[in-house]
Amino acid sequence: MGRYIDDILQPGEKVLYSTNAHWIFYGPAILAWIVAIVLLLLSRATTTEGIVLLCLSASAVVAIAALYWTIKAWFHRWTTETDVTNLRVVHKTGFIKRRTFEISLDKIESVDVDQSILGRLVDYGDVIIHGVGEGVEPIRTIASPLKFRSHITAR
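In structure tokens, the structure reads:
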């Protein structure tokens with residue numbers, strides 16, 4: 009399966025910038041993996057059989073949840089594309105149920121970036137594109153939102 013943008017490029021159109029959902033989507037999975045490892049280490053540090061069994065069981069449950077969140081985050085990042093071409097902005101999410109929007113660069117009135125403190129530290133945020141007669145299109149939790157905005161507004 010190729011990239012969506014490669015399938016829809018018009019003659020003479022070229023991709024100027026591509027970004028994706030930020031790795032912060034892995035945050036819950038990372039925390040769960042850490043908890044699972046800590047519980048596993050606790051089971052090795054104690055000699056009481058009941059506590060060992062409880063820690064191992066809890067570690068297994070948390071590891072299953074962590075695996076689920078890891079796969080879910082990976083799939084979201086794999087199925088999300090955000091691109092700026094010399095003619096338009098294209099955003100696609102989803103695999104079977106797909107949601108896309110495309111807006112011509114000529115129809116963009118303004119581009120807003122919202123970043124939290126954590127977003128500024130690790131470089132992710134939300135971009136809101138205001139189109140003339142097109143409405144408002146938010147793009148949530150993308151990597152390098154300021155760079156993305158610069159590629160839209162610089163002409």
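So in the working numbering, spot 76 of the sequence shown is number 84, and the numbers just go up one at a time. Backbone N, C-alpha and C fix where the C-beta goes; we use that ideal spot for every residue, glycine too.
**OP:** Could you check which residue in TRP31, LYS22, SER118 has the C-alpha nearest to that of LYS80?
**Re:** TRP31
Original post:
For the beta strand (DSSP E) that GLY133 lies in, which residues bound it at each end?
Top reply: 132-139
Subject >> Inter-residue Cα distance where the pair is ILE45 and ALA37 >> reply: 12 Å
Original post:
Can you tell me the Cα-Cα spacing of ALA74 and LEU49, whole angstroms?
Top reply: 17 Å
Original post:
Taking the runs of the beta strand (DSSP E) that are 3 residues or longer, which of them lie wholly in the region 20-61?
Top reply: If you keep only unbroken beta strand (DSSP E) runs of at least 3 residues inside the region 20-61, you get 23-27.
Subject >> ILE150 (DSSP reduced to helix, strand or coil) >> reply: strand
Original post:
Taking Cβ to Cβ, would you say VAL60 is nearer than 8 Å to SER67?
Top reply: no
Subject >> Range of the contiguous beta strand (DSSP E) that encloses ILE111 >> reply: 107-112
Original post:
Which residue's Cα is closest to the Cα of ASP91: VAL140, THR108, TRP77?
Top reply: THR108
**OP:** Could you have a look at ILE116 and say whether DSSP puts it in helix, strand or coil?
**Re:** strand
Original post:
Is THR101 helix, strand or coil when you go by DSSP?
Top reply: strand
Subject >> Cβ shell of LEU47 (< 7 Å), same chain only, five flanking positions each side left out >> reply: CYS63, ALA66, SER67, VAL70
**OP:** Excluding the 5 residues preceding and the 5 following PRO146 in the sequence, name in chain order all residues of the same chain whose CB lies nearer than 7 Å to its CB.
**Re:** ASP134, ILE136, listed in sequence order.
Original post:
Of all the options THR87, ALA162, TYR76, ALA29, which has the alpha carbon lying nearest to the alpha carbon of PHE103?
Top reply: THR87
**OP:** Consult DSSP for GLY127 and reduce its assignment to one of helix, strand or coil.
**Re:** helix
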